[in-house]
Amino acid sequence: MTFINQKTDPDDFSYLEHCTDGNVSGLCIICADYDSPRIRSLIGSDILCVTVDHMFRRIPAVLSDNETDVRKLVEYAIQKGHRRIAYIYGQNNSLVTCTRICQFSSVMDFYHLPVPPEYIKEGVYNDIQLTRSLVLDLLALPDRPICILLPDDFAYLGAQEAAMQLGLSIPGDIPFGGYDGIPLTQALEPRLTTIRQSTDQMGATAAQRMNLIEHPIPMDKRPVIFPVELIEGETIGSVVG
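Next up, the structure:
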């Protein structure tokens, strides 16, 4: 078993060359730039690949239910009385991100809630300081949002910093919602309201798919999709009055 990342793959030595040189039999591709030529060369090779949270044609994939996840979070905020909701999403280079953006817009449209263009911000997954900057931008708007959804749970650390810098309380002055359900943000105060993924099951299923290297059998190439769970933390309160 080996781990390959960008540092493993200098400009003169591609992922595919690294795998070929190391006699790699199969790959689980996670958190990658799926549009990059380096990843595309792997997908087009004879090496067995399994992707997590992204789909290619004829490649086994393991996914969270991205059709449901953002919908659950947005509807939860709406049920709490929030109407001006902003969304900071991760880098727009994957099916996951595109699906979440579409679901956010779809839910807001269904409830006839306007989404000004300035309420939609592109961030980067797991980038605390960029999220802090984007939250400050949103809260500086003349008609600022009254609820902000974040790209992931780590982003909540940046959101907390921004709120503290402005002297705002969470959720009294500004509510936040996250995504992932990691233990860290459930240990913070206030606990983050977020979407929990079935990460253990997803990892186990990806590993089972890799087992086809040793025991090849005809395989259903349809993606395996796991449900998500809304964690009702303390960062999205009800609107009073």
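Taken in order, the sequence shown gives residues 152 to 392; the numbers are from my numbering. A virtual CB, placed ideally from N, CA and C, is assigned to each residue, including glycine.
Tell me which residues share the same chain as A212 and place their Cβ nearer than 6 Å to its Cβ, disregarding the 5 neighbours each side in the sequence.
Correct list, in chain order: T202, M206, P374.
Out of R347, F255, A237, state which residue places its alpha-carbon closest to the alpha-carbon of M379.
In the sequence under discussion, the amino acid at residue 379 is Val, which differs from the Met named in the question. The candidate whose alpha carbon is nearest that of V379 is R347.
Would H233 and V390 qualify as a contact pair, given that the criterion is a beta-carbon distance under 8 Å?
In contact: H233 and V390 (Cβ atoms closer than 8 Å).
By how many angstroms is the C-alpha of L381 removed from the C-alpha of D220?
When rounded, the distance between both Cα atoms is 8 Å.
Kindly indicate the opening and closing residues of the beta strand (DSSP E) around Y330.
Note, Y330: premise wrong, no beta strand (DSSP E); not H, not E.
Near T248, which residues of its chain fall below 6 Å by C-beta distance, leaving aside the five closest residues on each side in sequence?
Cβ neighbours of T248 beyond the five flanking positions: Y240, G241.
Can you tell which of R295, G173, L317, G177 has its C-alpha closest to the C-alpha of A357?
A357 has its Cα closest to that of G177, out of R295, G173, L317, G177.
With burial defined as no fewer than 16 other Cβ atoms inside 10 Å of the residue's Cβ, what is the status of Y262: buried or exposed?
Under this definition Y262 is an exposed residue.
So, A306 versus T282, is the Cβ gap smaller than 8 Å?
In this structure, T282 lies closer than 8 Å to A306 by Cβ.
Rounding to the nearest angstrom, what Cα-Cα distance links C200 and D184 in this structure?
Rounded to the nearest angstrom, the two C-alpha atoms are 15 Å apart.
Give the straight-line distance between the Cα atoms of E340 and Q359, rounded to the nearest whole angstrom.
Computed Cα separation, rounded: 38 Å.
Below 8 Å on the Cβ atoms is my guess for I387 versus P293; work out the distance and round it to an integer in Å.
So it is not a contact: roughly 23 Å between Cβ atoms.
Apart from the five residues just before and just after L167, which ones in its own chain have a Cβ nearer than 7 Å to its Cβ?
Closer than 7 Å at the Cβ level, and outside the excluded window around L167, lie S192, L193, S196.
In whole angstroms, what separates the C-alpha of Q311 from that of D288?
The alpha-carbon atoms of Q311 and D288 are separated by roughly 14 Å.
Pull up the DSSP beta-bridge partners for T394, would you.
Look at the range of the chain in this structure, 152 to 392, and you will see that residue 394 is not part of it.
Taking DSSP as the reference, what is the three-state secondary structure of S257?
DSSP places S257 in helix when its eight states are reduced to three.
So, are the CB atoms of Q251 and N277 less than 8 Å apart?
In the sequence as presented, Gln is not what sits at residue 251; that position holds Arg. Cβ distance not < 8 Å, so R251 and N277 don't count as in contact.
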